[in-house]
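Per this note's numbering: the sequence shown = residues 579 to 672.
Built from N, CA and C at the ideal position, the CB exists for glycine as well.
Since the structure is predicted, the reported quantities are computational estimates derived from the model, not experimental observations.
Working notes for the structure below.
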Amino acid sequence: MKFEDVYSRRTADKLTQEQAAEILGVSVRTVRRWEDRFEADGAEGLYDRRLGKLANNRVPTDTVIVYFPSNWVFPGACPFSWSFSPLTAMSATK
């Protein structure tokens with residue numbers, strides 16, 4: 579059920595905040611926050627405010643220095659799926 583449907587039932591005094599929270603699968607505090615945002619800004623107020631914002635704990639790119647030895651292999655574009663190739667390491671020592 580959409581929030582707007584639950585909200586219309588809440589404003590008609592057919593549901594309590596506890597019942598609305600149970601229907602929506604969120605806490606009572608979240609229902610209260612959503613209701614306040616909906617009353618202040620309408621449906622636009624319910625959109626996630628974090629979208630499009632950068633994380634507060636991110637490291638600035640100009641302070642990051644990355645060194646990858648030549649014997650590391652990166653399959654695909656993801657640098658997190660690297661592996662050490664012993665064949666490359668052996669050929670580098672010859």
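With respect to Ala599, Val609 sits close: the two C-beta atoms are nearer than 7 angstroms.
Per the C-alpha coordinates, the member of Tyr585, Trp612 and Leu632 positioned closest to Tyr625 is Trp612. A residue is called buried when at least 16 other Cβ atoms come within 10 angstroms of its Cβ; Val637 does not meet this threshold and is exposed. One Cα belongs to Phe616, the other to Val606, and the distance between them is close to 15 angstroms.
Straight-line spacing of the CA atoms in Asn635 and Arg627 works out to 17 angstroms.
The DSSP-derived three-state label of Arg627 is coil. CA-to-CA, the gap between Ala621 and Tyr585 works out to about 11 angstroms.
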